[in-house]
Structures are given as C-alpha cells and as structure tokens.
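Colleague: Each residue of the sequence shown is one higher than the one before, starting from 3 at the first, in my numbering.
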Amino acid sequence: MVTWGSMYHIVEEALQKARLDGTAHLHFDQVFPLHPGTAGHLEKAEKVIAVEGNATGQFADLIRRETGFLIEDRILCYSGLQVSVEKVAEKLLEMLR
3 MVTWGSMYHI
13 VEEALQKARL
23 DGTAHLHFDQ
33 VFPLHPGTAG
43 HLEKAEKVIA
53 VEGNATGQFA
63 DLIRRETGFL
73 IEDRILCYSG
83 LQVSVEKVAE
93 KLLEMLR
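(1) Considering only the beta carbon of each residue, do PHE71 and ALA41 sit closer than 8 Å?
(2) State the DSSP-derived secondary structure class of ALA52, mapped to helix, strand or coil.
(3) Given that a residue counts as buried once 16 or more other Cβ atoms are within 10 Å of its Cβ, and exposed if not, what is LEU83?
(4) My output table needs one value for HIS29: the three-state DSSP class, helix, strand or coil.
(5) If we ignore side chains and look at the alpha-carbon of each, how far apart do HIS27 and HIS43 end up?
(6) In whole angstroms, what separates the C-alpha of ALA117 from that of GLU15?
(7) From ILE73, THR69, GLU68, GLU48, pick the residue whose C-alpha is nearest to that of GLY59; which is it?
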C-alpha cells in the first residue's frame, strides 16, 4: 500500500478491517522531493496498490515520473465525500484476491 497525506489512518483501519495484517503500508507525509529509497522499497513488494483522494492517481504518477516505478493498481476516491474505510477495505480485498 502506498499513500500520502490524510489517507494514512483510513488505510490503516481498512487493512485491519480486511484482516490484511501482513500487508505493508508505505506512507508519505511529504510527497516531493521523494525519498531516495522510494523505488527500492516498492521493488521489494509483490504487489503495490496506491490509495489516493483524487481522480487521476497524482502521487502514483509522480512516483513513476521520479523513479520509473509503475503503480498500476490504484484505489482512487474522488466523490467529494469523506473516504470510507469500508469501501477501501472492500476494494483491497477485490484487488488482492
């Protein structure tokens, strides 16, 4: 899991709700400049999913642009409403099955 900003607690709770205890969560408080070790951490993962509060996956695109690492799997929340822990947990389970 890769998140930034306000998605931290939502994703942590969604991971607990979905009982995905062994899933790593890489969170960024500051998105630019990226930490030099970002690509190395992501390359170790079997699957990387970005969870973002926008329609286009801006942070996943930034990671691709800056490191060359492509995050294909994305959960994008952009309805204007508060992001639902239940919805994120449901999407995670769908993507990880």
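We put the CB at the ideal spot given by N, CA and C, even for glycine.
Modeller: With the given structure in hand:
(1) Going by C-beta atoms, PHE71 is nearer than 8 Å to ALA41.
(2) Assigned with DSSP and collapsed to three states, ALA52 falls in strand.
(3) Counting the other CB atoms within 10 Å of its CB gives LEU83 a total below 16, which places it among the exposed residues.
(4) Looking at HIS29 - three-state DSSP - the assignment turns out to be strand.
(5) Near 11 Å, if we compare the C-alpha coordinates of HIS43 and HIS27.
(6) Outside the modelled stretch of the chain, which goes from 3 to 99, sits residue 117, for which no answer is possible.
(7) From the listed residues ILE73, THR69, GLU68, GLU48, the smallest Cα separation to GLY59 is found for ILE73.
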